[in-house]
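Engineer: Sharing a structure, written as C-alpha coordinates. Questions coming.
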Amino acid sequence: MSICTFPGETGLQVLGVMVDILLDSSCTGNQYSVYRCTVGKEVGPPPHFHAQFDEGFTVLSGRVGVLHDGFWRTLGIGESVFVPRGEVHTFRGESEEPAVFIGIATPAGHEEFFRDMDALKEPSQDAIIAILVKHGIEPAI
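My numbering applies: residue -17 is where the sequence shown begins, and numbers increase by one.
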(Lines of atoms letter the chains of each structure in order from A and count residues from 1; the text may use other names and numbers.)
(Lines give C-alpha, C1' and ligand atoms only; values in the text may rest on other atoms or scores of the structure.)
Protein backbone atom coordinates (compact mmCIF):
# COMPACT_ATOMS: atom_id res chain seq x y z
CA MET A 1 0.00 0.00 0.00
CA SER A 2 1.13 3.54 -0.65
CA ILE A 3 -0.32 6.87 0.39
CA CYS A 4 -0.19 9.63 -2.18
CA THR A 5 0.09 13.30 -1.36
CA PHE A 6 -0.26 14.41 -4.98
CA PRO A 7 -1.83 17.88 -4.76
CA GLY A 8 -3.62 17.58 -8.09
CA GLU A 9 -3.46 19.93 -11.04
CA THR A 10 -6.53 22.00 -11.77
CA GLY A 11 -7.85 24.09 -14.61
CA LEU A 12 -6.05 22.48 -17.54
CA GLN A 13 -7.72 23.53 -20.80
CA VAL A 14 -8.04 20.73 -23.37
CA LEU A 15 -10.09 21.46 -26.50
CA GLY A 16 -12.68 23.44 -24.54
CA VAL A 17 -12.86 20.95 -21.67
CA MET A 18 -11.51 21.87 -18.24
CA VAL A 19 -9.49 18.99 -16.78
CA ASP A 20 -8.32 18.52 -13.20
CA ILE A 21 -5.74 15.76 -12.73
CA LEU A 22 -6.57 14.07 -9.43
CA LEU A 23 -4.07 11.17 -9.48
CA ASP A 24 -1.22 10.67 -11.89
CA SER A 25 1.21 7.85 -12.57
CA SER A 26 3.48 8.94 -9.70
CA CYS A 27 0.72 8.01 -7.23
CA THR A 28 -0.45 4.77 -8.79
CA GLY A 29 2.71 2.94 -9.79
CA ASN A 30 1.86 3.71 -13.44
CA GLN A 31 -1.29 1.59 -13.13
CA TYR A 32 -3.96 4.26 -13.70
CA SER A 33 -4.69 7.98 -13.68
CA VAL A 34 -7.79 9.77 -12.42
CA TYR A 35 -9.09 13.08 -13.73
CA ARG A 36 -12.19 15.25 -13.47
CA CYS A 37 -13.60 16.90 -16.59
CA THR A 38 -15.98 19.85 -16.71
CA VAL A 39 -17.66 20.20 -20.08
CA GLY A 40 -20.13 22.75 -21.42
CA LYS A 41 -23.16 22.03 -23.56
CA GLU A 42 -22.21 20.64 -26.99
CA VAL A 43 -18.49 20.79 -26.09
CA GLY A 44 -16.22 17.77 -26.44
CA PRO A 45 -13.40 16.26 -28.49
CA PRO A 46 -13.84 14.82 -31.97
CA PRO A 47 -14.37 11.04 -32.22
CA HIS A 48 -11.10 9.22 -31.56
CA PHE A 49 -9.55 6.02 -30.26
CA HIS A 50 -6.39 4.99 -28.48
CA ALA A 51 -4.65 1.63 -28.54
CA GLN A 52 -2.54 2.06 -25.40
CA PHE A 53 -5.14 2.56 -22.68
CA ASP A 54 -8.73 1.93 -21.57
CA GLU A 55 -10.96 4.67 -20.15
CA GLY A 56 -13.94 4.78 -17.87
CA PHE A 57 -16.21 7.71 -17.05
CA THR A 58 -18.71 8.31 -14.23
CA VAL A 59 -20.97 11.38 -14.32
CA LEU A 60 -21.00 13.48 -11.14
CA SER A 61 -23.31 16.29 -12.29
CA GLY A 62 -25.27 17.26 -15.37
CA ARG A 63 -25.66 15.02 -18.41
CA VAL A 64 -22.93 13.76 -20.72
CA GLY A 65 -23.51 12.35 -24.19
CA VAL A 66 -21.15 9.51 -25.03
CA LEU A 67 -20.53 7.97 -28.46
CA HIS A 68 -19.93 4.33 -27.57
CA ASP A 69 -20.34 1.17 -29.68
CA GLY A 70 -21.40 3.40 -32.58
CA PHE A 71 -24.39 4.93 -30.75
CA TRP A 72 -24.93 8.10 -28.76
CA ARG A 73 -26.12 7.56 -25.19
CA THR A 74 -26.87 10.14 -22.54
CA LEU A 75 -25.44 9.46 -19.10
CA GLY A 76 -26.86 11.10 -15.98
CA ILE A 77 -25.55 11.44 -12.45
CA GLY A 78 -24.03 8.19 -11.21
CA GLU A 79 -24.03 6.48 -14.61
CA SER A 80 -20.80 5.13 -16.07
CA VAL A 81 -19.32 3.86 -19.30
CA PHE A 82 -16.22 1.74 -19.97
CA VAL A 83 -14.35 2.35 -23.23
CA PRO A 84 -11.83 -0.38 -24.09
CA ARG A 85 -8.70 0.52 -26.00
CA GLY A 86 -9.23 0.66 -29.74
CA GLU A 87 -12.91 1.65 -29.56
CA VAL A 88 -13.99 4.86 -31.31
CA HIS A 89 -15.63 7.19 -28.82
CA THR A 90 -16.18 10.78 -27.77
CA PHE A 91 -18.26 12.76 -25.30
CA ARG A 92 -20.10 16.08 -25.10
CA GLY A 93 -21.98 18.06 -22.50
CA GLU A 94 -25.75 17.72 -22.87
CA SER A 95 -27.10 19.78 -19.98
CA GLU A 96 -27.61 23.53 -19.75
CA GLU A 97 -25.22 23.71 -16.82
CA PRO A 98 -21.66 22.38 -17.19
CA ALA A 99 -21.47 18.62 -16.74
CA VAL A 100 -18.78 17.05 -14.56
CA PHE A 101 -17.44 13.52 -14.78
CA ILE A 102 -14.58 11.51 -13.35
CA GLY A 103 -12.36 9.69 -15.83
CA ILE A 104 -10.00 6.81 -15.16
CA ALA A 105 -7.38 5.67 -17.67
CA THR A 106 -5.48 2.39 -17.39
CA PRO A 107 -2.58 2.18 -17.50
CA ALA A 108 -1.54 5.65 -16.34
CA GLY A 109 -0.07 8.18 -18.74
CA HIS A 110 -3.13 9.87 -20.25
CA GLU A 111 -2.52 12.78 -17.89
CA GLU A 112 0.55 13.69 -19.98
CA PHE A 113 -1.74 14.30 -22.97
CA PHE A 114 -3.76 16.76 -20.87
CA ARG A 115 -0.60 18.55 -19.75
CA ASP A 116 0.73 18.82 -23.29
CA MET A 117 -2.58 20.11 -24.64
CA ASP A 118 -2.88 22.69 -21.87
CA ALA A 119 0.63 23.94 -22.68
CA LEU A 120 -0.58 24.97 -26.17
CA LYS A 121 -1.48 28.60 -25.55
CA GLU A 122 -2.44 29.19 -29.20
CA PRO A 123 -3.14 25.71 -30.57
CA SER A 124 -2.83 25.13 -34.29
CA GLN A 125 -4.21 22.08 -36.05
CA ASP A 126 -0.65 20.87 -36.74
CA ALA A 127 0.33 21.24 -33.07
CA ILE A 128 -2.79 19.40 -31.89
CA ILE A 129 -2.20 16.56 -34.35
CA ALA A 130 1.43 16.28 -33.21
CA ILE A 131 0.31 15.90 -29.59
CA LEU A 132 -2.35 13.34 -30.54
CA VAL A 133 0.27 11.29 -32.41
CA LYS A 134 2.75 11.59 -29.52
CA HIS A 135 0.18 10.11 -27.14
CA GLY A 136 -1.17 7.41 -29.47
CA ILE A 137 -4.58 9.04 -29.91
CA GLU A 138 -6.05 8.61 -33.38
CA PRO A 139 -8.80 10.86 -34.76
CA ALA A 140 -11.64 8.78 -36.20
CA ILE A 141 -13.09 11.34 -38.60
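Just so you know, even glycine gets a beta-carbon here, dropped at the ideal spot from N, CA and C.
#1: Got a sec, what are the start and stop residues for the beta strand (DSSP E) residue 43 sits in?
#2: Where residue 64 and residue 25 are concerned, what is the direct C-alpha to C-alpha distance, given to the nearest angstrom?
#3: Could you spell out where the alpha helix (DSSP H) holding residue 113 opens and where it closes?
#4: Under the three-state reduction of DSSP, which class applies to residue 134: helix, strand or coil?
#5: Return the bridge partner residues of residue 49 from the DSSP annotation.
#6: Whose C-beta lies closer than 7 Å to the C-beta of residue 94 among residues of the same chain, with five residues either side of it excluded?
Structural biologist: A quick look at the data gives this:
#1: Bounds of the beta strand (DSSP E) holding residue 43 are 36 to 43.
#2: 20 Å
#3: Per DSSP, residue 113 belongs to the alpha helix (DSSP H) from 107 to 116.
#4: For the chain, the structure presents residues -17 to 123; residue 134 sits outside this window and is missing.
#5: 54, 72
#6: 117
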